[in-house]
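S.K.:
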Amino acid sequence: MSTETQVRTGVYEAMFLASQAAAASFGDLIDHINSLFERANAEVIAMKKWDERRLAYEIDKQKRGVYILAYFKCPTDMVPHLERDVVISDKLLRVLVTSADHLTQEEIAAHNDIDGLATEAKLKAQAGDAQESTASKKVHLGAPVASEMAPANEAPAESAPETASEATPEAGAEESGEKPADS
Numbered sequence: 026m027s028t029e030t031q032v033r034t035g036v037y038e039a040m041f042l043a044s045q046a047a048a049a050s051f052g053d054l055i056d057h058i059n060s061l062f063e064r065a066n067a068e069v070i071a072m073k074k075w076d077e078r079r080l081a082y083e084i085d086k087q088k089r090g091v092y093i094l095a096y097f098k099c100p101t102d103m104v105p106h107l108e109r110d111v112v113i114s115d116k117l118l119r120v121l122v123t124s125a126d127h128l129t130q131e132e133i134a135a136h137n138d139i140d141g142l143a144t145e146a147k148l149k150a151q152a153g154d155a156q157e158s159t160a161s162k163k164v165h166l167g168a169p170v171a172s173e174m175a176p177a178n179e180a181p182a183e184s185a186p187e188t189a190s191e192a193t194p195e196a197g198a199e200e201s202g203e204k205p206a207d208s
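Residue numbering for the sequence shown follows the numbering used here, starting at 26 and increasing by one per position.
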């Protein structure tokens, strides 16, 4: 008599919902999802960014979210562990895992965009680096540079003395071609 048990595996579909803040560093988000799959002993078959949209209701004070669709093979007893890891995660708001036994391998392969995810992560990282470099050029620590400070003896432009046309109504009327009203 054998004491070994057969580990049942299944093909699953998972829809992850990530917050906008987590999606800002898209590469880290994809790495985080892949690490959750590794913890669940899952093999990713296909993954793609499904959509980025406004949520029907706020979740953890988030109004927008990014949806990521994944198909994976996993031992059936590890699916609850994956769901629990998502609940604990601070980058992911929700997950929905369903069985994908009704789909063929070709249909699942049609949803595979892992290369596109890597490309998008790289582009977002480059865009983020460019924004950081321009923002760091604008930030100055310490006292302002002398060229940025206005001399103390000059009046600001907003409090400039009034012109003659603004000082008296007659002068303003003469410039516009109107005659002053006689009272």
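All C-beta atoms in this analysis are idealised placements derived from N, C-alpha and C, irrespective of residue type, glycine included. Remember, predicted model here, so these are calculated numbers, not experimental data.
Roughly how many angstroms lie between the CA atoms of residue 72 and residue 93, to the nearest whole one?
M.R.: The C-alpha of residue 72 lies about 7 angstroms from the C-alpha of residue 93.
S.K.: Nearest-angstrom Cα distance between residue 40 and residue 87?
M.R.: 17 angstroms
S.K.: Between the C-alpha atoms of residue 124 and residue 36, what's the straight-line distance to the nearest angstrom?
M.R.: 6 angstroms
S.K.: Just curious, the alpha helix (DSSP H) that residue 46 is in, first and last residue?
M.R.: 45–49
S.K.: Have a look at the DSSP bridge pairing and note the partners of residue 54.
M.R.: Beta-bridge pairing links residue 54 to no other residue.
S.K.: Taking the C-alpha atoms as reference points, what is the distance between residue 56 and residue 81?
M.R.: 27 angstroms
S.K.: Considering only the alpha carbon of each residue, which of 31, 46 and 50 lies closest to residue 144?
M.R.: 50
S.K.: Going by DSSP, what residues sit across from residue 78 in a beta bridge?
M.R.: 90
S.K.: Between 154, 44, 76 and 30, which lies nearest to residue 142 when the distance is taken from Cα to Cα?
M.R.: 76
S.K.: In terms of alpha-carbon separation, which member of 63, 90 and 31 lies closest to residue 48?
M.R.: 90
S.K.: Return the first residue and the last residue of the beta strand (DSSP E) that residue 117 is part of.
M.R.: Going by DSSP, residue 117 is part of the beta strand (DSSP E) stretching over 117–124.
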